[in-house]
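To convert, note that position 326 of the sequence shown is 327 in the working numbering; the numbers rise steadily by one, no gaps. Idealized CB from N, CA, C, for every residue including glycine.
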Amino acid sequence: MSEAVNGDAGVYHGEYKVPGGKLLVADVTVRDGRLASVQLSGDFFLEPDDALEAIDRALEGESVDAATNTLIATIQSALPSQTEMVGLSVPAIATVIRRALSRTSDWRDHRFGLIHRAPEPPLLHMALDEVLTLEVAEGRRGPTLRVWEWDRAAIIIGVFQSLTNEVDSDAAAAEGIEVVRRISGGGAMFVEPGNTITWSLIVPETLVQGLTFVESYAFLDDWVIQALGDMGIKAWYVPINDITSPGGKIAGAAQKRINGAVLHHVTMAYDIDADKLTRVLRIGREKLSDKGTASAGKRVDPLRRQTGLERETIIQRMVDSFAARFTLMPASLTEDELEQAHALANDKFSSEAWLRRVP
Numbered sequence: 002m003s004e005a006v007n008g009d010a011g012v013y014h015g016e017y018k019v020p021g022g023k024l025l026v027a028d029v030t031v032r033d034g035r036l037a038s039v040q041l042s043g044d045f046f047l048e049p050d051d052a053l054e055a056i057d058r059a060l061e062g063e064s065v066d067a068a069t070n071t072l073i074a075t076i077q078s079a080l081p082s083q084t085e086m087v088g089l090s091v092p093a094i095a096t097v098i099r100r101a102l103s104r105t106s107d108w109r110d111h112r113f114g115l116i117h118r119a120p121e122p123p124l125l126h127m128a129l130d131e132v133l134t135l136e137v138a139e140g141r142r143g144p145t146l147r148v149w150e151w152d153r154a155a156i157i158i159g160v161f162q163s164l165t166n167e168v169d170s171d172a173a174a175a176e177g178i179e180v181v182r183r184i185s186g187g188g189a190m191f192v193e194p195g196n197t198i199t200w201s202l203i204v205p206e207t208l209v210q211g212l213t214f215v216e217s218y219a220f221l222d223d224w225v226i227q228a229l230g231d232m233g234i235k236a237w238y239v240p241i242n243d244i245t246s247p248g249g250k251i252a253g254a255a256q257k258r259i260n261g262a263v264l265h266h267v268t269m270a271y272d273i274d275a276d277k278l279t280r281v282l283r284i285g286r287e288k289l290s291d292k293g294t295a296s297a298g299k300r301v302d303p304l305r306r307q308t309g310l311e312r313e314t315i316i317q318r319m320v321d322s323f324a325a326r327f328t329l330m331p332a333s334l335t336e337d338e339l340e341q342a343h344a345l346a347n348d349k350f351s352s353e354a355w356l357r358r359v360p
C-alpha cells in the first residue's frame, strides 16, 4: 500500500493549478488500498457533461500505488468520444490524484515571509539560499520569498557546470565580473546591478508533493506568469526551466531540494548588455552561433523594453501579485542566519575547491 496514505482509509484532498490552465481539485476516498470514490472539480471546461462522471467512475477501484501512466491510461479509456478539455488535461488529472494521495499542502496553507534587503555580494547570496533552505527544512522559518539585490556584476554557474567550458575567466576578470558557483543545477546566469531581477522561493516539499521534477518548475512559476499577465505581458512556461514571451526568453529558474525543503530561484532580465554577456560566457557564444543569431539581445527579451516600467516598479508589482493570491508578510533575517551565511560564504562558496569542483 502507498506510504503516502500510510495504509489508512479516509478522504484525501488535493489541488493542482494547471500551468497556463485552470484549478483542478480531487477529493478521494481510500479503502483497502484502493480508490473507493473520486470526485474531481474545478473551474475548467469539459465537454460533454458526462465526461466528468465517467472519469470519476473509471478511477474507482484503482490501487493507491497506481503509476501515473496507469492512471492516465485508465482516464483516457473512459473518456466519451470527442471529449473536449479546456484548462486541464488527462496528465493533469493523474497529477491531482497523486497529490491528493500524497497529502500535499496548498499555497493557502502557508504564510510566506518576504525578505528584500539592500544590495549584497554574490557569495553571500549563494550562502543565504543554502542557509534559509535548511531553516525552512528544519521548521525554524516558514516559507520564504526573498528578493535579491546585487552589489556588483557576477556570473553564477550551476553546480554541475564546468567553469572552464562556461566562463571566459580572463574576459570576466577584465570586466571586473565576479564568478561564483551556486548549489542548484541549470545554466550560467549573467547579472548586473539594476539590470536583473532575481528572487528565491523556498517552500516545504509538501507544496510540490506528487509532482514530477519538471512539473514542480511549472507549478512554482505559475504565479510569475500571472504576475506578468497583470502587467500586460503575455508569458508562458517552457520546459524545463524557462519563462518566455513572444519576443524571447524572459527568465530562467533552478532548483535544489534539501531535507524536505525546495529552493526555487529565478533570474529575470530587466535589461541586458548583450555584447558583454557574449564576451564573458563561452557557452553563450556557442548557443547563439548554433541558432544563427548575431546578438543575445534577440534571445533574451528584457522587461524594460516590454513594459517601459522602472525595475523597482516591476518588483513591487510582482510582490503585490503574490500577496494578492497568497499570504505574504514582511520578514527579516535573524542574526544567527546572517552569521551562518557569512561563515558559509567565506568557508565554502569563496573557496577554489568549490568554484572549481568541475574545472
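Quiz item: First and last residue of the beta strand (DSSP E) that includes D152?
Solution: Within the sequence shown, the letter at position 151 stands for residue 152. Looking at the DSSP string, D152 is not in any beta strand (DSSP E), and its letter there is neither H nor E.
Quiz item: Which of the three DSSP states, helix, strand or coil, is assigned to F369?
Solution: For the chain, the structure presents residues 2 to 360; residue 369 sits outside this window and is missing.
Quiz prompt | Alpha-carbon spacing of K349 relative to L124, whole angstroms | solution = Start at 1 with the first residue of the sequence shown, and residue 349 comes out as number 348. Start at 1 with the first residue of the sequence shown, and residue 124 comes out as number 123. The straight-line gap from Cα to Cα measures roughly 9 Å.
Self-check item: Where the beta strand (DSSP E) through H111 begins and ends
Solution: One-based indexing of the sequence shown puts residue 111 at position 110. First-last for H111: undefined, no H or E at that position.
Self-check item: For P247 and Q162, the rounded distance between their alpha carbons
Solution: Within the sequence shown, the letter at position 161 stands for residue 162. Within the sequence shown, the letter at position 246 stands for residue 247. Going by the C-alpha atoms only, they are around 29 Å apart.
Exercise. Compare the beta carbon distance of I198 and R283 with 8 Å and say whether it is the shorter of the two.
Key: As a first step, residue 198 must be located in the sequence shown, where it is residue number 197. As a first step, residue 283 must be located in the sequence shown, where it is residue number 282. The answer is no: Cβ separation not under 8 Å.
Exercise. Using beta-carbon positions only, say whether W200 and W149 come within less than 8 Å of one another.
Key: As a first step, residue 200 is located in the sequence shown; it is residue number 199 there, counting from the start. As a first step, residue 149 is located in the sequence shown; it is residue number 148 there, counting from the start. Yes, the Cβ-Cβ distance between W200 and W149 is below 8 Å.
Self-check item: Segment contact, 8 Å Cβ cut-off, at least three pairs: the stretch 40-47 with the stretch 68-87
Solution: yes
Exercise. Flag this pair as touching only if the stretch 198-218 and the stretch 164-179 have three or more C-beta atom pairs under 8 Å; answer yes or no.
Key: no
Self-check item: Cβ neighbours of A52 in the same chain (closer than 7 Å, five flanking residues each side left out)
Solution: Counting from one through the sequence shown, the residue named residue 52 turns up at place 51. Only L80, P81, T84 meet the Cβ criterion.
Exercise. Whole angstroms is fine: what's the gap from L24's alpha carbon to R100's?
Key: As a first step, residue 24 must be located in the sequence shown, where it is residue number 23. As a first step, residue 100 must be located in the sequence shown, where it is residue number 99. Each residue's Cα considered, the two are about 13 Å apart.
Self-check item: Integer-rounded CB distance, given that V192 should sit under 8 Å from A154
Solution: As a first step, residue 154 is located in the sequence shown; it is residue number 153 there, counting from the start. As a first step, residue 192 is located in the sequence shown; it is residue number 191 there, counting from the start. Rounded, the Cβ-Cβ distance is 7 Å, consistent with contact.
Quiz item: Quick one: is N242 buried, meaning 16 or more other Cβ sit within 10 Å of its Cβ, or exposed?
Solution: Here residue 242 refers to the residue found at position 241 of the sequence shown. Buried, because 16 or more other Cβ atoms sit within 10 Å of the Cβ of N242.
Quiz item: In whole angstroms, what is the alpha-carbon distance linking L115 and V225?
Solution: Start at 1 with the first residue of the sequence shown, and residue 115 comes out as number 114. Start at 1 with the first residue of the sequence shown, and residue 225 comes out as number 224. When rounded, the distance between both Cα atoms is 15 Å.
Self-check item: Supposed close pair Y375, V31 - CB separation, criterion 8 Å
Solution: No answer is possible for residue 375: it lies beyond the span of the chain, which begins at 2 and ends at 360.
Practice problem: For A228, collect the residues of the same chain with a Cβ closer than 6 Å to its Cβ; drop the 5 residues on either side in sequence, then sort them by chain order. | Solution: For the purposes of this step, residue 228 is identified with residue 227 of the sequence shown, where counting begins at 1. For A228, where only same-chain residues beyond five positions count, the Cβ hits under 6 Å are M319, S322.
Quiz item: Residues bridged to D28 by DSSP?
Solution: Numbered from its first residue, the sequence shown carries residue 28 at position 27. According to DSSP, which records beta bridges pairwise, D28 is partnered with H14, Q40.
Self-check item: Per-residue DSSP class, three states only, for T335
Solution: The residue labelled residue 335 in the question sits at position 334 within the sequence shown. T335: coil per DSSP, three-state reduction.
Exercise. Count the other CB atoms, across all protein chains shown, that sit within 10 Å of the CB of S352; report buried if there are 16 or more and exposed otherwise.
Key: Along the sequence shown, one-based indexing puts residue 352 at 351. Counting Cβ neighbours within 10 Å, S352 comes out exposed, since fewer than 16 surround it.
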